[in-house]
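A.B. asks: The sequence shown begins at 3 in my numbering and counts up one residue at a time.
Virtual Cβ for every residue (Gly too), placed ideally from N, Cα, C.
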Amino acid sequence: LLGLLVPFRPSPPEPLIVHAEVKEVVEPIKAIECDKNMTIDQCRIRERIRTEFSDFPAFVETIRCESGFRQFKSDGSVITSHTADVGVAQINVPHWGETAKQLGYDIMTEDGNLLMARHVLKVQGLRAWVCYNNLAGGR
3 LLGLLVPFRP SPPEPLIVHA EVKEVVEPIK AIECDKNMTI DQCRIRERIR
53 TEFSDFPAFV ETIRCESGFR QFKSDGSVIT SHTADVGVAQ INVPHWGETA
103 KQLGYDIMTE DGNLLMARHV LKVQGLRAWV CYNNLAGGR
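1. Under the three-state reduction of DSSP, which class applies to VAL88: helix, strand or coil?
2. Any idea if GLY127 is buried or exposed, counting beta-carbon neighbours within 10 angstroms, 16 or more meaning buried?
3. Going by the CB atoms, is the gap between ASN115 and VAL95 shorter than 8 Å?
4. For a test of the three-state rule: what should DSSP assign to THR41, helix, strand or coil?
5. Name the residue from GLN73, ARG120 and VAL132 whose alpha carbon lies nearest to the alpha carbon of ILE42.
6. Rounded to whole angstroms, what's the CA-CA distance from SER76 to VAL122? Just pull it up for me.
7. Could you spell out the range, first to last residue, of the alpha helix (DSSP H) harbouring SER69?
8. Starting from GLY99, trace the alpha helix (DSSP H) both ways and give me its first and last residue.
9. Is THR53 helix, strand or coil when you go by DSSP?
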């Protein structure tokens, strides 16, 4: 099913220096396909995860299962599970909270949450996420 198409622009490229003048490089906006049941923000986060975690393709589906690509609830508070997992990557606060602080990651923000997710992936791999284990069939 085709849903809403929303613009997605990756990080801005570095400016070019031509004859000591700074010229802005403008990349074309890439349209991304958005499922009809997703918000524009969920689509943006999904595309961000696809781009930033391309070395872990299964992570996209894992995060879809864990948080539905949401960092915040509609009231603006960070999504939190009954087991104290927070944010888009559902980082477990009792297990990873102190490490996140030591690394300078604020897991209550989207950026900090995804930075911590990268760290968790390096330390434990995808098996750190319950949804991955469920999707993988417990293998």
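C.D. replies: According to the data block:
1. strand
2. Counting other Cβ atoms within 10 Å of its Cβ, GLY127 stays below 16 and is therefore classed as exposed.
3. no
4. coil
5. GLN73
6. 27 Å
7. 60 to 69
8. 95 to 105
9. helix
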